[in-house]
Amino acid sequence: MKRITIAKGDGIGPEIMDATLKVILAAGARIEVDEIAVGEQVYLSGNTSGIAKESWDIIRSNQVFLKAPITTPQGGGYKSLNVTTRKMLGLYANVRPCSSLHPYVETKHPLLDLVIIRENEEDLYAGIEHQQTDEVVQCLKLISRPGCEKIIRYAFEYAKSQGRKKVTCFTKDNIMKQTDGLFHAIFDEIGAEYPEFEKEHWIVDIGAAKLADTPELFDVIVTLNLYGDVLSDVAAQIAGSVGLAGSANIGEEFAMFEAIHGSAPRRAGQNVANPSGLLQGAVMMLNHIGQHDVAEKVHNAWLKTLEDGIHTYDIYKVGISRQKVGTSEFADAIIERLGQQPKSLKVADYSQAQPIQLIPYKKRAPGLKELQGVDLFVHWSGTDANELGESVKQIGTANLKLSMITNRGIKVWPEGFKETFCTDHWRCRFYSSEGRQATKQELIALQQQALDKGIDVIKTEQLYKFDGKPAYSLGQGQ
Ligand code: NAD
Numbered sequence: 037m038k039r040i041t042i043a044k045g046d047g048i049g050p051e052i053m054d055a056t057l058k059v060i061l062a063a064g065a066r067i068e069v070d071e072i073a074v075g076e077q078v079y080l081s082g083n084t085s086g087i088a089k090e091s092w093d094i095i096r097s098n099q100v101f102l103k104a105p106i107t108t109p110q111g112g113g114y115k116s117l118n119v120t121t122r123k124m125l126g127l128y129a130n131v132r133p134c135s136s137l138h139p140y141v142e143t144k145h146p147l148l149d150l151v152i153i154r155e156n157e158e159d160l161y162a163g164i165e166h167q168q169t170d171e172v173v174q175c176l177k178l179i180s181r182p183g184c185e186k187i188i189r190y191a192f193e194y195a196k197s198q199g200r201k202k203v204t205c206f207t208k209d210n211i212m213k214q215t216d217g218l219f220h221a222i223f224d225e226i227g228a229e230y231p232e233f234e235k236e237h238w239i240v241d242i243g244a245a246k247l248a249d250t251p252e253l254f255d256v257i258v259t260l261n262l263y264g265d266v267l268s269d270v271a272a273q274i275a276g277s278v279g280l281a282g283s284a285n286i287g288e289e290f291a292m293f294e295a296i297h298g299s300a301p302r303r304a305g306q307n308v309a310n311p312s313g314l315l316q317g318a319v320m321m322l323n324h325i326g327q328h329d330v331a332e333k334v335h336n337a338w339l340k341t342l343e344d345g346i347h348t349y350d351i352y353k354v355g356i357s358r359q360k361v362g363t364s365e366f367a368d369a370i371i372e373r374l375g376q377q378p379k380s381l382k383v384a385d386y387s388q389a390q391p392i393q394l395i396p397y398k399k400r401a402p403g404l405k406e407l408q409g410v411d412l413f414v415h416w417s418g419t420d421a422n423e424l425g426e427s428v429k430q431i432g433t434a435n436l437k438l439s440m441i442t443n444r445g446i447k448v449w450p451e452g453f454k455e456t457f458c459t460d461h462w463r464c465r466f467y468s469s470e471g472r473q474a475t476k477q478e479l480i481a482l483q484q485q486a487l488d489k490g491i492d493v494i495k496t497e498q499l500y501k502f503d504g505k506p507a508y509s510l511g512q513g514q
């Protein structure tokens, strides 16, 4: 018997959770359930995180969490509980399988059968945002070596455990050479340890177009948080419906299972929602806790129900479906079919399922770090970059000299184009003289000079070489 935590969430959440629990308990799931409250009511009671402190204790003690979707109230101040839970519990891998159920669920892609493995903790979802000037706000994109190594290793180990053949990496490293570049480089590095797989890398824009056009070309996709968020919804929708896909959030100690869709408030309380997404999440949970027999029984009865044309409104099609049913009737139809297998859809077989090997990250020895200079970000409301250049050129040390100014990444001084549109957010790059490292004292002296001259520095970024290689982007046009 395994104790798990559940939360019924908001909108359609309670209905799809009741349906899901009814099915898995009828199939013989060996679970005991602790229920906690999360979501809208908790937010509106004044708790901006959407979850009470005591609930964390229950989640942490049970380690396995089945969560229905929640509504994040509109307006400032409310933190997304989903993002918080994933990060607080170290759930670094978000696993989203999608396969089409042709010809029983309408799709343009009958052969679609893929899994998106999305990095779950980093990227723009670190949620570090600041307004820096009147005109410019910033969101920090953080990518770490441990983050990349863990998710990419997970993707290969997952592919191995599921008998999949190919792993594809999506990034935008032609533009983001440091952040996405690191993800791609680590994909190549770790990929080399798995020679048995076909490996490929796509730039995410054309990769996304291919995914939407010919999804059957893909098998396992590993990608960064934002791209994975968007593309997994696309993949689920083109497979048939966002209402069909489940997701697992996996970490070293904890795991959370859910549907990929939201709380669909417009459909709430009407017994119409499709519970399949959460049920698929529950199937992944049963596999995770080693109850493969129950997972298989539920999965096959679900496939048989869909094959029999018993469909909720979102996938109901005249000519394909036989009966339009509500949430609870759909659950009852699955229960009636427990023990049966689909006739033409691929039968789920978890008898050979292997636990996925989670390989802990090994910290590396620190590299050689050399300070080369600094970017001073300046708030200035003028428009002529040459005027700013003349003023900022006045500051500097014997070693640190102004080398260029960019505006939104484009070089505007020296020798900028007068046509380049400029905001009030300027990056002034100071480099040390050739061959000499800068010192922190020099950076402080530079800032003091800027202050004395009335230059409004709103942030600085140090320029380092790591192991002899410049580890920062150049200005566009530099
Ligand atoms: P949504 O996924 O809730 O719904 C979009 C539309 O998809 C619905 O109107 C409905 O037509 C359809 N749909 C979704 N799930 C369905 C199902 N099970 N059966 C049938 N049809 C279904 O997206 P949204 O409307 O953008 O978001 C609503 C709320 O959900 C927001 O507050 C959002 O923050 C939240 N949300 C929560 C989660 C989560 O808890 N994991 C994820 C996404 C969105």
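Residue numbers for the sequence shown, in the working numbering: 37 to 514.
The beta-carbon is built from N, C-alpha and C at its ideal position, and this holds for glycine as well.
Limits of the unbroken alpha helix (DSSP H) element including residue i
{"i": "D217", "result": "Note on identity: in this sequence residue 217 is Gly, with Asp being the wrong assignment. Taken as a continuous stretch (DSSP letters only), the alpha helix (DSSP H) holding G217 covers T215 to G227."}
{"i": "E426", "result": "A421 to V428"}
{"i": "H324", "result": "S312 to H324"}
{"i": "P50", "result": "G49 to A62"}
{"i": "I188", "result": "R181 to S197"}
{"i": "A65", "result": "Taken as a continuous stretch (DSSP letters only), A65 belongs to no alpha helix (DSSP H), as it is neither H nor E."}
{"i": "V266", "result": "N261 to A275"}
Any non-hydrogen atom of ligand 1 within 6 Å of residue i CB
{"i": "H297", "result": "yes"}
{"i": "T341", "result": "no"}
{"i": "R302", "result": "yes"}
{"i": "I2", "result": "Residue 2 falls outside the range modelled here, since the chain spans only 37 to 514, and no answer is possible."}
{"i": "G279", "result": "yes"}
{"i": "D265", "result": "no"}
{"i": "D350", "result": "yes"}
{"i": "P50", "result": "no"}
{"i": "A309", "result": "yes"}
{"i": "P105", "result": "yes"}
{"i": "N118", "result": "yes"}
{"i": "T108", "result": "yes"}
Start-to-end residues for the beta strand (DSSP E) that takes in residue i
{"i": "W238", "result": "E234 to I239"}
{"i": "R465", "result": "H461 to S468"}
{"i": "T442", "result": "L436 to N443"}
{"i": "E343", "result": "Premise fails: E343 lies in the alpha helix (DSSP H), H328 to E343, not in any beta strand (DSSP E)."}
{"i": "G282", "result": "G282 to I286"}
{"i": "A304", "result": "Run containing A304: none; DSSP gives neither H nor E here."}
Which listed residue (the options) has its alpha carbon closest to that of residue i
{"i": "K38", "options": "I48, D93, M321 and L247", "result": "M321"}
{"i": "Y79", "options": "V69, W92 and T107", "result": "T107"}
{"i": "D46", "options": "G490, D503, G298 and E343", "result": "G298"}
{"i": "G243", "options": "I257, P231 and R132", "result": "I257"}
{"i": "L117", "options": "I52, V240, S91 and V141", "result": "S91"}
{"i": "Q167", "options": "F413, F502, L479 and Q376", "result": "F413"}
{"i": "V399", "options": "A65, E185, Q377 and D503", "result": "Checking the sequence, you will find Lys at residue 399 rather than Val. Checked all of A65, E185, Q377 and D503; the closest Cα to K399 is E185."}
{"i": "A191", "options": "L260, D216, H145 and P311", "result": "L260"}
{"i": "R96", "options": "I42, S427 and T204", "result": "I42"}
{"i": "F457", "options": "D329, I94, I446 and Y161", "result": "I446"}
{"i": "S417", "options": "L438, N443 and K405", "result": "N443"}
{"i": "K144", "options": "K360, D488, G276 and V383", "result": "G276"}
{"i": "E171", "options": "I494, F502, Y508 and Q514", "result": "I494"}
{"i": "P396", "options": "E332, P182, K501 and V240", "result": "P182"}
{"i": "I346", "options": "V308, L314 and I325", "result": "V308"}
{"i": "V131", "options": "G163, A281, L125 and D54", "result": "A281"}
{"i": "Y140", "options": "K353, E406 and L482", "result": "K353"}
Residue i, buried or exposed, once every other Cβ within 10 Å from all chains shown has been counted against 16
{"i": "L436", "result": "buried"}
{"i": "H220", "result": "buried"}
{"i": "Q388", "result": "exposed"}
{"i": "F453", "result": "exposed"}
{"i": "C134", "result": "buried"}
{"i": "K340", "result": "buried"}
{"i": "T419", "result": "exposed"}
{"i": "R303", "result": "buried"}
{"i": "N210", "result": "exposed"}
{"i": "R122", "result": "buried"}
{"i": "C175", "result": "exposed"}
{"i": "F293", "result": "buried"}
{"i": "I72", "result": "buried"}
{"i": "R66", "result": "exposed"}
{"i": "S357", "result": "buried"}
{"i": "R463", "result": "buried"}
{"i": "V69", "result": "exposed"}
{"i": "V330", "result": "buried"}
Inset, instruction - At 4 residues or longer, and completely inside the segment 356–427: list those alpha helix (DSSP H) runs for me, N to C. - result: Every alpha helix (DSSP H) of 4 residues or more that sits fully in the segment 356–427 is shown, in chain order, as 363–372.
Legend entry - Runs of beta strand (DSSP E) wholly within the segment 118–148 (minimum 3 residues, chain order): Fully enclosed beta strand (DSSP E) runs of no fewer than 3 residues occupy 129–135 of the segment 118–148, in order along the chain.
Inset, instruction - Entirely within the segment 79–107 and at least 3 residues each: give me those beta strand (DSSP E) ranges in chain order. - result: Correct list: 100–103.
Legend entry - Contiguous beta strand (DSSP E) assignments of at least 3 residues, all confined to the segment 465–509: Correct list: 493–502.
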